[in-house]
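Reading through the structure tokens given below for one structure.
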Amino acid sequence: MTAPPTYAVLITAAGRGTRMGGDEPKQWRDLAGRTVLARSIDAFGGFDRIVVVVHPDDMARAVREIGGRVTLVAGADTRAGSVRAGLEVLDGSGITHVLIHDGARPLVPAAVIEHVVAALQSGAPAAAPALPVTDALWTGVDGVVTGVQPRDGLFRAQTPQGFALDVILAAHRAATAGAADDVELAAGAGVPVTITPGDERNLKLTVAGDFGRAERILADLEGANDMDVRLGNGYDVHALGPGDHVWLCGVRIDHNAGLIGHSDADVGMHALTDAIYGALAAGDIGRHFPPSDPQWKGAASEIFLRHAAELARSRGFRLANADVTLVCEQPKIGPHAAAMQDRLAAIMDVAPDRVSVKATTSERLGFTGRSEGIAALATATLIGGR
Ligand code: MG
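According to numbering that gives the first Met the number 0, the sequence shown holds residues 0 to 385 in order.
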């Protein structure tokens, strides 16, 4: 019986980042409030064992800032030497697999890591993420194209690169010259390396301009997590009196009575309008359209609903759904429900399948049961985000 695989992460952060310019190595620079290296470590939050290889000059800072979370190892003069130093720490620790990650790739998505682990889990001795090359490739001399390079079968390598620990350790111990990365070393030693899906956001911070791009990607990722979901409810009642029709949810229905109110008394539309104002914490219809103001006498209630929907949009929200329940014995709502949904959706400028209109009686009980009035309840969900 074999023991279950155990995974460690080895993060390389010993480089000096000379291509970046600036006073400090890129992995120690601030990226939206945290160092690049701290963000790279955060990406592997689900792993118990994380080894970080740092430059000897950075060791004191590393102990102070990340020493509590990871095992720190002093790096060597070359990248390969630094990786090997980290691998040797894991030898004999019971770890069976290692993911080697570049500390300058702070935005690696969880899915990229999961694909590498899944490939190792299914028995691959080595697996690493990459993206197919889609741009044309040229050779050039002195600013002039000298040839075109076929791009078929070419990939852009990313990290983390995952290995069975014994396999990559053996490859490093046997290596004589420096390799560009650990995949090159493993492949050179005859180890098959599975290509797993990479991600454009898994950017390697290399030149100063990459920081601006990384900040935009971060804002994007965090914006997706910052989805702002608002739920509002509304309730309204209007009395029935003399008349020959009612307006309900924007549809005129012939009836043996009419609804009494300052406007057209569309009780369903008023409840829905208040639900949207409620989701926005923006008061109710009375606050935006005071009944004391004569200009709203007899007004079509779609003015109110349109205002609420536009207020939501202006604050960065869209209507995810609305649900209106009318409470009355008469008129029968069922035959008109589809027309009501279409009308409300058109006023709010959303698809009709986001709007529901249904009805219930109150079993002849109470004011609605005695047909003294009609009541309506509504809920509305608004979704916002950056
Ligand atoms: Mg009302």
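Ideal Cβ placement from N, Cα and C applies to all residues, glycine included.
Would you say residue i touches the ligand MG, meaning its beta carbon is less than 7 Å from a heavy atom?
| i | result |
| --- | --- |
| D243 | no |
At what residues does the alpha helix (DSSP H) containing residue i begin and finish?
| i | result |
| --- | --- |
| I275 | V266 to A278 |
| L304 | E301 to S313 |
| T367 | G365 to G368 |
| I346 | A336 to M347 |
| I65 | M58 to I65 |
| G285 | I284 to H287 |
| G122 | Looking at the DSSP string, G122 is not in any alpha helix (DSSP H), and its letter there is neither H nor E. |
| G189 | G189 -> no alpha helix (DSSP H), and no H or E assigned at all. |
Quick one: what's residue i bridged to in DSSP?
| i | result |
| --- | --- |
| D235 | A375 |
| K357 | T324 |
| R229 | L381 |
| Q148 | L136 |
| H96 | Y6 and A163 |
| H114 | DSSP, once it has assigned bridges, lists no residue as partnering H114. |
| R48 | A7 |
| P241 | In the DSSP output, where bridge partners are listed per residue, P241 has none listed. |
| T158 | Bridge partners of T158: none, in fact. |
| R251 | W246 |
| I40 | Bridge partners of I40: none, in fact. |
| A73 | V53 |
| G102 | DSSP output for G102 lists no bridge partner at all. |
| L30 | R33 |
| L130 | R155 |
| I194 | A127 |
| V143 | V140 |
| A12 | V53 |
In the DSSP assignment, find the beta strand (DSSP E) that holds residue i and state where it starts and stops.
| i | result |
| --- | --- |
| F324 | Here the sequence assigns Thr to residue 324, which means Phe is not the residue at that position. Unbroken beta strand (DSSP E) run through T324: F316 to V326. |
| G139 | L136 to V140 |
| R78 | No beta strand (DSSP E) holds R78; the alpha helix (DSSP H) holding it covers R78 to L89. |
| I332 | It is not in any beta strand (DSSP E) - I332 carries neither H nor E in the DSSP assignment. |
| L202 | Counting along the chain, L202 falls outside any beta strand (DSSP E), and DSSP gives it neither H nor E. |
| L258 | G257 to I259 |
My guess is that residue i and residue j are in contact by the Cβ rule of under 8 Å, so how many angstroms apart are they, rounded?
| i | j | result |
| --- | --- | --- |
| I216 | L202 | 7 Å |
| A135 | A126 | Between A126 and A135 the Cβ distance is about 28 Å, and since that is not below 8 Å, they are no contact. |
| A103 | K25 | 6 Å |
| G233 | A377 | 4 Å |
| V354 | L343 | 5 Å |
| P405 | Q157 | No answer is possible for residue 405: it lies beyond the span of the chain, which begins at 0 and ends at 385. |
| L98 | V50 | Not really, about 11 Å apart at Cβ, beyond 8 Å. |
| A278 | R229 | 4 Å |
| G365 | L239 | 13 Å between Cβ atoms; not a contact. |
| G249 | E301 | 6 Å |
| A308 | M347 | 4 Å |
| V82 | P124 | That belief does not hold up - the Cβ atoms of V82 and P124 are roughly 17 Å apart, past 8 Å. |
| G193 | T95 | Residue identity check: residue 193 is Thr in the sequence provided, not Gly. That pair is no contact at about 17 Å. |
| A375 | A256 | About 16 Å separates the two Cβ atoms, so there is no contact after all. |
Closer than 8 Å, CB to CB, is residue i near chain D or not?
| i | result |
| --- | --- |
| P105 | Of the chains in the structure shown, none is chain D; there is only one protein chain. |
With the ligand MG as the reference, list in chain order each residue whose Cβ lies under 7 Å from any of its heavy atoms.
Those residues are D235, H237, G260, A264, V266, H269 and I284, given in chain order.
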